[in-house]
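Enquirer: Heads up, the sequence shown is in this note's numbering, so the first residue is 979 and it goes up one at a time.
We treat Cβ as the ideally placed atom computed from N, Cα and C, and that holds for glycine.
Predicted model only: the values in this text are computed from it and were never measured.
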Amino acid sequence: MDEAWIEGVAASPWLVPTLFALVVGDAFLVVLPSETAVVALGALGTATGAPSWWLIIPVAAAGAVVGDALCYLIGRRVGLDRWRWQREGRVGAAIARVRRAVHRRTAVLVFTARYVPFARIAVNLAAGAGRVPLRRYLPLSAAAGLAWACYNVAIGAVIGSAFSDNPILAVAISIPLAIMLGLLVDRLITRRAG
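#1: Ordered along the chain, which non-local residues of its own chain (more than five positions away) have a Cβ less than 7 Å from that of residue 1157?
#2: Could you tell me which uninterrupted alpha helix (DSSP H) segments, each at least 4 residues in length, are contained entirely in the stretch 979-1041, listed from first to last along the chain?
#3: For residue 1151, tell me which candidate among 1003, 1126, 987 and 1021 has the shortest Cα-Cα distance.
#4: For the stretch 994-1003 against the stretch 1032-1042, do three or more pairs of beta-carbon atoms, one drawn from each stretch, fall closer than 8 Å, so that the two count as touching?
#5: Is residue 1076 helix, strand or coil by DSSP?
#6: Taking 8 Å as the cut-off, decide whether the C-beta atoms of residue 1025 and residue 1148 are in contact.
#7: Give the DSSP-derived three-state secondary structure of residue 1114 in the structure shown.
#8: If we count the other Cβ atoms within 10 Å of its Cβ and call it buried at 16 or more, is residue 1067 buried or exposed?
#9: I need the DSSP call for residue 1108, collapsed to helix, strand or coil.
#10: Assign residue 1027 to one of two classes, buried (16 or more other C-beta atoms within 10 Å of its C-beta) or exposed (fewer than that).
#11: Please classify residue 1086 as buried or exposed, where buried requires at least 16 other C-beta atoms within 10 Å of its C-beta.
#12: Quick check on this structure: which residue in 1110, 988, 1008 and 1012 has the alpha carbon closest to the alpha carbon of residue 1127?
#13: Tell me which residue opens and which closes the alpha helix (DSSP H) that residue 1089 is part of.
#14: Just checking, does the stretch 1082-1102 make contact with the stretch 1134-1147 on the three C-beta pairs under 8 Å criterion?
#15: Using only the alpha-carbon positions, how far apart do residue 1053 and residue 991 sit?
If you want it as structure tokens, here you go:
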């Protein structure tokens, strides 16, 4: 892979809409590597000057908010107690606990779930199904999305500045680092919750 190619990708007019779509899609399909892409673009932007952080951060944050809001709206539309089996027995009791938790600890859950792929889907669906007011949910989702975007770009920036003379190496190192940090955050959050 040559440096001109990677710099061409960074300057592509398709980069921003692709990043936005990737982050929105990651709200539903956890196999999409949105965190990894944001970290890699942070590394590339630091090493080469393009793409700009001032572009990547708001696009990634907006994609996160739109994707999470779509999950919220699906939860609101479908609900958690649509079928009888969801209202009775152990399942009904578990759903009632989730509904109470999402109302009591909305901020903690929304912020924490932003960094844990499967939890992100579950919390956003539960917030919608539990009828957390949109005027409460949306500002929390926006703040969480912005914090997530800044965090991922900052990780990339550290790698990009360390390898500014070799943008390809910066991107190559930032990708596995992003994956390892994601797994670490997931493990720490799971351990604290358990």
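Expert: On the basis of the supplied data:
#1: Numbered from 1 along the sequence shown, position 179 holds the residue referred to as residue 1157. Hits under 7 Å: 1014.
#2: 981-989, 993-1004 and 1012-1026
#3: Start at 1 with the first residue of the sequence shown, and residue 1151 comes out as number 173. Closest by alpha carbon: 1021.
#4: yes
#5: Within the sequence shown, residue 1076 is the residue found at index 98, counting from 1. Three-state DSSP puts residue 1076 in a helix.
#6: Here residue 1025 refers to the residue found at position 47 of the sequence shown. Here residue 1148 refers to the residue found at position 170 of the sequence shown. Yes, the Cβ-Cβ distance between residue 1025 and residue 1148 is below 8 Å.
#7: In the sequence shown, counting from the first residue as 1, residue 1114 sits at position 136. In the three-state scheme derived from DSSP, where H, G and I count as helix and E and B as strand, residue 1114 is classed as helix.
#8: Counting from 1 along the sequence shown, the entry for residue 1067 is found at position 89. Looking at its Cβ environment, which holds fewer than 16 other Cβ atoms inside 10 Å, residue 1067 is exposed.
#9: Translated into the one-based positions of the sequence shown, residue 1108 becomes position 130. Looking at residue 1108 - three-state DSSP - the assignment turns out to be coil, as it is neither helix nor strand.
#10: The residue labelled residue 1027 in the question sits at position 49 within the sequence shown. Exposed: under 16 other Cβ atoms inside 10 Å.
#11: Mapped onto the sequence shown, residue 1086 falls at position 108. The residue is exposed, with fewer than 16 neighbouring Cβ atoms inside 10 Å.
#12: As a first step, residue 1127 is located in the sequence shown; it is residue number 149 there, counting from the start. Ranking 1110, 988, 1008 and 1012 by Cα distance to residue 1127 puts 1012 first.
#13: Position 111 of the sequence shown, counted from the start, is the residue given in the question as residue 1089. Segment 1084-1091, the alpha helix (DSSP H) holding residue 1089.
#14: no
#15: One-based indexing of the sequence shown puts residue 1053 at position 75. One-based indexing of the sequence shown puts residue 991 at position 13. Their backbone Cα atoms lie some 34 Å apart in a straight line.
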